[in-house]
């Protein structure tokens with residue numbers, strides 16, 4: 493009965509160790525994926541990730557060793573406690589334990605290797621992705637800038653065209669106004685010249701006659 | 002009686018001159034005895050002759066009163082202002098004044114203002130009424146009414 497308990501206990505312990513190792517591996521993978529997401533932060537992020545990776549690997553190793561060590565210690569204790577086991581059972585148990593250890597160690601090593609590979613792949617692709625991202629961003633900025641420049645050019649052209657049109661209209665109005673003024677001036681000159689010319693050509697008697705005529709008109713209009 | 006003086010004061014200038022002459026005659030009354038006669042010889046002949054005749058024909062003894070009444074009459078004359086394009090002298094003044102005396106009535110004094118820009122004719126101002134009968138206004142009216150055809154002609 494004790495042997496059976498020891499056997500199941502060892503299996504449960506080993507299974508727990510496997511779960512812990514799996515959890516460590518998943519945590520590590522998640523961490524790496526997290527780092528992958530923030531890789532756009534550039535070289536500093538890359539360095540930080542590298543440092544973090546090393547640190548995490550070290551921690552994972554330490555934890556794994558600690559777990560294995562604890563498992564061995566616990567197994568030893570259990571074996572010692574079950575001193576009454578038969579040789580056959582002991583051999584069988586020892587073999588099973590070795591198998592399990594080998595399998596678990598294999599899993600652990602594989603998980604570590606996978607994690608390491610994933611980390612290396614992720615970290616290696618960071619610089620490439622960053623470069624691609626930067627190029628993509630530059631392309632986007634360039635496209636945006638080209639669009640903006642074209643828009644500004646179009647707006648400027650429209651503005652200039654409108655200003656030119658307005659200016660032409662104003663010049664047209666000004667021209668008409670000036671021509672009107674010129675006409676007015678011409679008329680004024682003509683009037684002055686006509687008035688002076690007629691006035692000078694008149695004799696004193698003519699002037700008198702015209703003044704008398706003016707008085708007669710005034711009388712007709714009842715000014716007096 | 003005093004209307005005789007209107008002929009000596011046909012224009013504003015003549016009226017002022019006549020008033021000054023009357024004042025001189027008035028002042029002479031308070032000088033030596035022969036001063037008044039001497040003064041009559043000094044004023045314009047037409048003035049001296051007219052005053053002598055009026056005093057004789059009217060048998061006026063109070064010369065001072067006569068002069069004061071004459072001065073009042075001159076002040077009562079109505080001004081007819083004529084802005085003209087020429088400077089009217091003797092004959093022209095006489096002709097225009099005669100016309101006004103006959104057509105407007107007695108007691109008119111002409112006030113001439115010279116404005117050669119009028120060309121000819123006159124601006125008549127009488128008792129607050131003003132009428133422009135000048136050549137310049139006639140030409141203005143002509144140009145205003147003929148403007149479209151003149152513009153067409155110029156263009």
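Residue numbers (the working numbering), protein chains in the order written: chain A, 493 to 716; chain B, 2 to 156.
Ideal placement from N, C-alpha and C gives every residue a C-beta, glycine not left out.
Since the model is a prediction, treat every value here as computed from it, not as a measurement.
Mapping DSSP to helix, strand and coil, what is residue 99 (chain B)?
Taking the first residue of the second chain as position 1, residue 99 (chain B) is located at position 98. Here residue 99 (chain B) sits in helix by DSSP.
If the cut-off is 8 Å on Cβ atoms, which residues from the segment 633-664 of chain A count as contacting chain B, listed in chain order?
For the segment 633-664 of chain A, which is checked against every Cβ of chain B, not one residue is closer than 8 Å.
Does the CB of residue 700 (chain A) have a neighbour CB from chain B at under 8 Å?
For the purposes of this step, residue 700 (chain A) is taken as the residue at position 208 of the first chain. Closer than 8 Å: yes.
Report buried or exposed for residue 129 (chain B), applying the criterion of at least 16 other Cβ atoms within 10 angstroms of its Cβ.
By one-based count along the second chain, residue 129 (chain B) stands at place 128. Exposed, because fewer than 16 other Cβ atoms sit within 10 Å of the Cβ of residue 129 (chain B).
For residue 66 (chain B), name the three-state secondary structure that DSSP assigns.
In the second chain, counting from the first residue as 1, residue 66 (chain B) sits at position 65. Helix at residue 66 (chain B).
When the Cα atoms are used, what is the spatial distance from residue 101 (chain B) to residue 30 (chain B)?
Counting from one through the second chain, the residue named residue 101 (chain B) turns up at place 100. Counting from one through the second chain, the residue named residue 30 (chain B) turns up at place 29. Whole-angstrom Cα-Cα distance: 35 Å.
How is residue 480 (chain A) classed by DSSP in three states: helix, strand or coil?
Outside the displayed range of chain A (493 to 716) lies residue 480 (chain A), so it cannot be described from this structure.
Would residue 105 (chain B) pass as an interface residue toward chain C - the criterion being a Cβ-Cβ separation below 8 Å?
The structure shown contains no chain C; the protein chains it does contain are A and B.
Hey, residue 127 (chain B) and residue 81 (chain B): beta-carbon distance below 8 Å or not?
Counting from 1 along the second chain, the entry for residue 127 (chain B) is found at position 126. Counting from 1 along the second chain, the entry for residue 81 (chain B) is found at position 80. By the CB criterion at 8 Å, residue 127 (chain B) and residue 81 (chain B) fall inside the cutoff.
Are the C-beta atoms of residue 83 (chain B) and some chain A residue less than 8 Å apart?
Residue numbering aside, residue 83 (chain B) sits at position 82 when the second chain is read from its first letter. With 8 Å as the cut-off, residue 83 (chain B) counts as an interface residue toward chain A.
Under 8 Å between beta-carbons, which chain B residues line up against residue 713 (chain A)? List them in chain order, please.
For the purposes of this step, residue 713 (chain A) is identified with residue 221 of the first chain, where counting begins at 1. Per Cβ cutoff of 8 Å: 132.
Do residue 37 (chain B) and residue 19 (chain B) have their C-beta atoms within less than 8 Å of each other?
Counted from its first residue, the second chain places residue 37 (chain B) at position 36. Counted from its first residue, the second chain places residue 19 (chain B) at position 18. If you check the CB distance, residue 37 (chain B) and residue 19 (chain B) do not come in under 8 Å.
On a Cα-Cα basis, can you pick out the residue from A:592, A:605, A:660 and A:624 that is closest to residue 520 (chain A)?
The count along the first chain starts at 1 and reaches residue 520 (chain A) at position 28. If you compare the alpha carbons of A:592, A:605, A:660 and A:624 with that of residue 520 (chain A), the shortest gap goes to A:605.
With a threshold of 7 Å on Cβ separation, who are the neighbours of residue 5 (chain B) within its own chain once the five nearest residues in sequence on each side are excluded?
By 1-based counting over the second chain, the position of residue 5 (chain B) is 4. Result list for residue 5 (chain B): 51 and 55, in chain order.
Among B:40, B:58, B:10 and B:142, which residue has its Cα nearest to the Cα of residue 683 (chain A)?
Counted from its first residue, the first chain places residue 683 (chain A) at position 191. Of all alpha-carbon atoms in B:40, B:58, B:10 and B:142, the one lying nearest the alpha-carbon of residue 683 (chain A) is that of B:142.
Whose C-beta lies closer than 8 Å to the C-beta of residue 151 (chain B) among residues of the same chain, with five residues either side of it excluded?
Stepping through the second chain from its first residue, residue 151 (chain B) is reached at position 150. Once the five neighbours on either side are set aside, the close Cβ partners of residue 151 (chain B) are 144.
Would you say residue 681 (chain A) faces chain B, with C-beta separation under 8 Å as the test?
For the purposes of this step, residue 681 (chain A) is taken as the residue at position 189 of the first chain. Residue 681 (chain A) is outside the set of residues whose beta carbon lies under 8 Å from a beta carbon in chain B.
Using beta-carbon positions only, say whether residue 48 (chain B) and residue 14 (chain B) come within less than 8 Å of one another.
Within the second chain, numbered from 1, the residue matching residue 48 (chain B) stands at position 47. Within the second chain, numbered from 1, the residue matching residue 14 (chain B) stands at position 13. No, Cβ-Cβ distance for residue 48 (chain B) and residue 14 (chain B) is not below 8 Å.
Which chain B residues sit within Cβ distance under 9 Å of residue 667 (chain A)?
The sequence position of residue 667 (chain A) within the first chain is 175, counting from 1. Going along chain B, no residue has its Cβ under 9 Å from residue 667 (chain A), so there is no contact; the nearest lies around 14 Å.
Rounded to the nearest angstrom, how far is the Cβ of residue 79 (chain B) from that of residue 108 (chain B), given a contact under 8 Å?
On the second chain, residue 79 (chain B) is found 78 positions in, with the first residue counted as 1. On the second chain, residue 108 (chain B) is found 107 positions in, with the first residue counted as 1. Right, their Cβ atoms sit about 6 Å apart.
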